[in-house]
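Protein chains in written order, with the numbering used here: chain A, 1 to 223; chain B, 1001 to 1344.
No residue lacks a Cβ here, since even glycine has one placed at the ideal position from N, Cα and C.
As structure tokens, the structure follows; a few thoughts come after it.
Right under this line is the structure:
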């Protein structure tokens, strides 16, 4: 079958390949994406399933200060420091005394799907008291461009499912046809024989998927 | 053909007698209502039983909005797992009737996915069917290409436990075949028709087939001799869930058994890489064994029980027979495993 050496032409990745790609992704992120904390590799060696080479990537406690101004066009990852002056755009039912009340925390996990042979992004949001955020609230934290993408297209959708390993409801982003656009990425690049080295698989994948949740990666990671 | 039909019929007719109690905090009538007795199809789902159960309790409920969930001995039950699987997994010693508690309030949203009744269950079913199709065929086109009406009819046949209707609709699904020497030799074929699930790759070699499997492993720390001695489960965290296809290897003169399949999923418990007690264990745990009194190899993990559709399986059965006859209507084979955990 497929070795872990290359991404097969069909845009999918094996379990072994995922482990390799994950480490390469985490390492480059740590080096080149200094505006974020690093990803950690969480091995799956709980008591009953001892496959040491398996695991998933985790990035947790990312703070997104939610924007109160709904007309923001760019990435709404900053707080509006002068929100008191924009009263007409503010939802008057929200009385914010303290900036901390509006801090939303996000956890992201990149988990391999053995069924579809592609990665999946699981995420959840919670407020500072640990209370989970609803999808409606989360959508307000997403860049407005991706919200319209989600609402209008069938390309990508968010579902709520049990985390495959943590036994709690999380949100999952499963873009349709992941393998198709990974294939396109391979073909349009200068890789020999359109074969993307497995080390770049997750970086390429995340360059697209991350944007949906407002996580951008620097261009240098793609080189 | 005859043997297959009979086996599948048994599976579809399998049912668990339930005794449903209203949670005492929600009893607003005096006297408290008696429990409801319901026969639950194994291949069905708990939320689908609500229309049958609710009439028993509606006069006893306090006013307010409802969000319905079930628990077994305090453990909230995941509504998207088929009822038969829940029973096989949570009741080491089968309890008949199975005593469950129903709640109409206080939905534990931190541990249970929201459920909007039949719609949620149907959505989950169709999604699982698509995932199974992707595993068997390499794509879910066959499900996407089904007309809306056919999809609806298929779901209705599952909801009603109508095997005849389901069998009539199967050819429209065009799911790939899961064949092997066993069914070919005996002249049996699965009720599924359509293109084969095995692909020939460019070198003309037969590739391995992939089988949709959902494995539920319940791990117990203490050793036990009888199932009734298995301690009660406190939380779902004691269960490891593995949603992973089994790669079905076809080798000349060799039969791929259930043991082989389990070995690919739980190599640490079975096969050459297993850390089992007995002669086969090659790898031995040398970690702290300070509690070893008797000198027996208590540090190993061990599979105690494997249940599929309520049947305790013999591992020598050809895996393809197991799949073709014991899978659920969404083409997934659900396997419940009880293990004694290795001691550290």
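Neighbouring residues, chain A, relative to residue 1111(B) (Cβ below 7 Å)
168
Does the Cβ of residue 1151(B) have 16 or more other Cβ atoms within 10 Å, making it buried, or fewer, making it exposed?
buried
DSSP three-state label for residue 1078(B), please.
coil
Between which two residues does the alpha helix (DSSP H) holding residue 168(A) run?
Run containing residue 168(A): none; DSSP gives neither H nor E here.
Residue 161(A): contacting residues in chain B (beta-carbon distance under 8 Å):
1113
Backbone secondary structure at residue 1136(B) - three-state DSSP:
helix
Would you kindly report the start and end of the unbroken beta strand (DSSP E) that includes residue 60(A)?
55-65
When the Cα of residue 30(A) is compared with those of 53(A), 58(A), 16(A), which residue comes out closest?
58(A)
Under the DSSP definition of a beta bridge, which residues are partnered with residue 1015(B)?
1041(B)
If you measure from the beta carbon of residue 22(A) to each beta carbon in chain B, is any gap under 9 Å?
no
List the DSSP bridge partners of residue 1328(B).
Partner(s): none; residue 1328(B) has no beta bridge.
Interface positions of the stretch 109-121 of chain A facing chain B (Cβ-Cβ less than 7 Å), listed along the chain:
114, 115, 116
Give the secondary structure of residue 1342(B) by DSSP, where H, G and I count as helix, E and B as strand, and everything else as coil.
coil
Please tell me whether residue 1063(B) has its Cβ less than 9 Å away from any Cβ of chain A.
no
Sorted by chain position, which residues of the same chain lie with C-beta nearer than 6 Å to residue 1261(B)'s C-beta, five sequence neighbours on each side aside?
1246, 1319
Would DSSP call residue 183(A) helix, strand or coil?
helix
Would you tell me roughly how many angstroms separate the C-alpha atoms of residue 1250(B) and residue 39(A), rounded to the nearest one?
40 Å
Could you tell me which chain A residues have their CB closer than 9 Å to the CB of residue 1234(B), listed as they occur along the chain?
Neighbours of residue 1234(B) on chain A: none; closest Cβ ~13 Å, over 9 Å.
Alpha carbon to alpha carbon, how far is residue 1045(B) from residue 128(A)?
36 Å
For the beta strand (DSSP E) holding residue 1098(B), just list the boundary residues, first then last.
1098-1103
Go ahead and pull the three-state DSSP assignment for residue 1304(B).
strand
Rounded to a whole number of angstroms, what is the C-alpha to C-alpha distance between residue 1213(B) and residue 138(A)?
33 Å
Are the C-beta atoms of residue 106(A) and some chain B residue less than 9 Å apart?
no
Sorted by chain position, which residues of the same chain lie with C-beta nearer than 6 Å to residue 54(A)'s C-beta, five sequence neighbours on each side aside?
44
Between which two residues does the alpha helix (DSSP H) containing residue 36(A) stretch?
Note, residue 36(A): premise wrong, no alpha helix (DSSP H); not H, not E.
So, using beta-carbon positions, are residue 201(A) and residue 182(A) closer together than 9 Å?
yes
Quick check on residue 111(A): does DSSP put it in helix, strand or coil?
strand
Under the rule that 16 or more other beta-carbon atoms within 10 Å means buried, what is residue 17(A), buried or exposed?
buried
I'd like the list of long-range same chain contacts for residue 1064(B), defined as Cβ closer than 7 Å, with 5 residues on each side in sequence excluded.
1105
The alpha helix (DSSP H) enclosing residue 1261(B), as first and last residue numbers:
1258-1265
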